[in-house]
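Take a look at the structure set out below.
In UniProt numbering, the protein residues as written are 1 to 633.
Structure representation (C-alpha cells):
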C-alpha cells in the first residue's frame, strides 16, 4: 500500500472524517484556502499541516471550544475561493450552523463540504437544512454521505433552495461519488448551473413601472406583452420585459407583479418611492424594467445585464424660419463677426491711406491733383463690388498697389461668401439649435413624452439650463391655445413635428417608427435631433436587489442568450433606427426675412440720401441768399 494513503487512512480514523475525500474536494473546487471545522483538532492539526503546501492556506477550528466565535473563522488571507469542511458529527454543531445561517455564510462566496463518520447524523443535518433560512439558490453545499453496504464510498449530494423567503423547500440532488481507489467520480456533463435551472413553477415577486390609472397586477402581463406602444409605458420597459420572458421560460417560474408609477423619488422623511424603493427594501425579487446606470446604484442593486442604449433628445423638423433664427440664413451668417469687423477696419484703413498718399504726393508733385475724400469712398466701394473705379486709375504706383491689394482681398472674400450662400441654398438646411440653451432661445414650442421621468426631472433638477427651459418653455400656461400639450404621447406629437415649429423630447427610438409612417422623404431629410436632458446616461441595466440569490444564475442565462443572438433579436424588434434620408438635395427658396438685411441697408441709404439732400438744399439756399445780399451792398 502507498505510504501516503496509509498515513491519510490513519488520519481519517483519528479525525472522524476522510482526509482523502477532503483533499479531492478542495482540488475539485480549486480552493486556495480552507477552514476545517473538526471535533478533534489537536490530533489532526499536525497531519493537515504536513499535507499543506505553499499554495493552500488551512485553518482548523475546534467545534467543541467554548470560545468559538463565528465572526473570527474566516482566513486572514483569502487568496482565492475559500472552502469550509464541516464535521457534523459533533454534539453542538447545529447551534453553530444556525449562526452561520444568520450571518449569510451559505452563499456563493464559500464552498461547503459536510462529512462525518457518524451514520446517524445525516438525518439531523437534513432536518437543519429544511428549516434553515440561509440556504439559497446560489448556495454551494455538498453533503458527503457514506454509501450503504460500501465501505470507503461516499455519495455526493448538492443542496440548494430556490427561495426560502417564498416558502420553497430544500432540494437535494446527487451529482457524483467518491471512493478511495478512484477519487471523485462526477456525473458526465454536470454543472451546478444546469442542475438548478428549473425553478419548478416558483412564483417570484416582480415590480413593474406603469404610469396609468386602474392597473392591477393581472393587467401587467397583457400590457407589457402587447406589441407597439402603450400609454404610460416606455418602450425600453417592454424590451426588458421580453428579456424576463427569456428567463421565465428557461427557468420555469411565474411572476406576481407590484405596480409603481415611477422609478425613483423620496418623501421628506427619506422614505424611498418607486421601483428603486421596492427593490431596496427587498419587497421584490426582480424588476421588469431597466434603470439608468449610475455609479452609486452599484452599492444598492445588482446589475445583471446591459444591452439597451438610452438615447434621448429633442426631435424637430428644421424650417427656413428655424434655420434663420439659429443664424444659418442671415445675411451676415457666411462670415463670422470677427471677419466682418476686420473687413470694416481694412476699408477704413484703405480710405485713410489713399487720402494720405494722395495729399503727400500732390504737395511733392504739383501737377498731381488731390481728389476729394468722397471720390475715394466711391472708388473703394466700386473696387469691393468689383465694378472698377469711378475715375481713371491713378498713374502713381503706390495708389495702384493699394487698389490692386484691395481688389485681390475682395476677390477672395467674395468667393468664400458666394460659395457659402450657394452651398446653403442647394443643400439641406443647417443643423438648427443643438444645445439646451439654443433650444430654449429658439422659437420652437417644446413638448415631452408623458413618462414619469420627465416630471421627476423638472421637479428635482438643479441645472441652470434645465431650470431656465422649464420657466420659459414648460411653465407658461397653454390653456385655450391650439398647440401641443406639455406632456403628450408620441402618436399625438408627430403631426406637430411634421407641421414644423415644434420640438418633442423623448427616447428617440420611440418616435422613429411613427415618423417613418407619416413623414415624406423630404421631411425625413429635414428631421433634426437636439441635446438631451439626460446626456450623462447611456446604458440601462436590468437589476435585482443587492446580494440577490438569483444574480449569478440570471446573469449566466442572459449572457448565453446574448451569445446565441436572442438579445440582438429582441433589440431589432423593439429598437427602431432613424429613417434614412433618401430624397436627395432640396433647393430651399430665399425668403424675404432671409434678405431683409440687404433691403435694410438699401432703405437706410435712401433715408440718409434724402436727409443729406435736404441739408444740401438748405445750405445752397443760404449761400445764394448771402451772395445776393453781398451783391446788393
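C-beta: ideal position from N, C-alpha, C; glycine also.
Straight-line gap, residue i to residue j (C-alpha atoms, nearest Å)
i           : j           : result
residue 193 : residue 138 : 9 Å
residue 540 : residue 408 : 58 Å
residue 466 : residue 533 : 8 Å
residue 399 : residue 380 : 12 Å
residue 384 : residue 603 : 20 Å
residue 282 : residue 259 : 15 Å
residue 269 : residue 574 : 39 Å
residue 354 : residue 361 : 11 Å
residue 127 : residue 457 : 53 Å
residue 289 : residue 159 : 32 Å
residue 351 : residue 627 : 35 Å
residue 301 : residue 577 : 31 Å
residue 640 : residue 279 : Only positions 1 to 633 of the chain appear in this structure, which leaves residue 640 out of reach.
residue 201 : residue 141 : 23 Å
residue 104 : residue 134 : 6 Å
residue 233 : residue 451 : 7 Å
residue 428 : residue 494 : At residue 428 the pLDDT is 49, less than 50, meaning the model places this residue with poor confidence; the figure from the coordinates comes in the next sentence. Near 21 Å, if we compare the C-alpha coordinates of residue 494 and residue 428.
residue 570 : residue 235 : 12 Å
residue 401 : residue 601 : 30 Å
residue 31  : residue 266 : 45 Å
residue 339 : residue 617 : 39 Å
residue 623 : residue 375 : 24 Å
residue 18  : residue 93  : 18 Å
Delimiting residues of the beta strand (DSSP E) encompassing residue i
i           : result
residue 18  : That residue, residue 18, is in no beta strand (DSSP E); it is neither H nor E in DSSP.
residue 506 : 502–507
residue 304 : 301–309
residue 59  : 57–62
residue 489 : Unbroken run through residue 489: none, as it is neither H nor E.
Residue range of the alpha helix (DSSP H) that includes residue i
i           : result
residue 180 : First-last for residue 180: undefined, no H or E at that position.
residue 142 : Run containing residue 142: none in the alpha helix (DSSP H); it sits in the beta strand (DSSP E), 140–146.
residue 100 : 93–102
residue 158 : From DSSP, residue 158 is part of no alpha helix (DSSP H) but of the beta strand (DSSP E) over 153–160.
residue 548 : No alpha helix (DSSP H) contains residue 548, which DSSP labels as neither H nor E.
residue 248 : 235–251
residue 220 : 217–225
residue 647 : Residue 647 cannot be examined here, being either before or after the span of the chain that is shown, 1 to 633.
Backbone secondary structure at residue i - three-state DSSP
i           : result
residue 165 : helix
residue 113 : strand
residue 256 : strand
residue 293 : coil
residue 205 : strand
residue 495 : helix
residue 5   : Bear in mind that the predicted position of residue 5 carries a pLDDT of just 41, short of 50, making it unreliable; the figure below should be weighed with that in mind. Helix.
residue 130 : helix
residue 603 : helix
residue 33  : strand
residue 327 : Unreliable placement is indicated for residue 327, whose pLDDT of 49 sits below 50; the coordinate value is still reported in the next sentence. Three-state DSSP puts residue 327 in coil, outside helix and strand.
residue 11  : Unreliable placement is indicated for residue 11, whose pLDDT of 42 sits below 50; the coordinate value is still reported in the next sentence. Residue 11 falls in the helix class under three-state DSSP.
residue 284 : coil
residue 521 : helix
residue 541 : strand
residue 27  : helix
residue 337 : helix
residue 408 : helix
residue 174 : strand
residue 313 : strand
residue 512 : helix
residue 319 : coil
residue 350 : helix
Test: residue i CB closer than 9 Å to a CB of chain C
i           : result
residue 349 : No chain C is present in this structure, which holds just one protein chain.
Nearest-angstrom beta carbon gap, residue j and residue i [assumed within contact, 8 Å]
i           : j           : result
residue 63  : residue 38  : 7 Å
residue 184 : residue 253 : Not quite, the Cβ-Cβ distance comes to about 32 Å (not below 8 Å), so this is no contact.
residue 144 : residue 113 : 6 Å
residue 315 : residue 516 : That belief does not hold up - the Cβ atoms of residue 315 and residue 516 are roughly 13 Å apart, past 8 Å.
residue 26  : residue 83  : 6 Å
residue 486 : residue 478 : 7 Å
residue 251 : residue 310 : Not quite, the Cβ-Cβ distance comes to about 27 Å (not below 8 Å), so this is no contact.
residue 444 : residue 312 : Not a contact, Cβ separation roughly 16 Å.
residue 531 : residue 490 : Actually they are not in contact, since the Cβ atoms of residue 531 and residue 490 sit about 19 Å apart, beyond 8 Å.
residue 286 : residue 544 : 5 Å
Closest residue to residue i among the options (Cα-Cα distance)
i           : options            : result
residue 562 : 305, 297, 140, 412 : 305
residue 33  : 24, 22, 56         : 56
residue 237 : 600, 550, 542, 579 : 542
residue 296 : 284, 276, 289      : 276
residue 579 : 511, 605, 565, 623 : 511
Check: residue i C-beta below 8 Å from any heavy atom of the ligand NAP
i           : result
residue 614 : The ligand NAP is absent from the structure shown, which contains no ligands of any kind.
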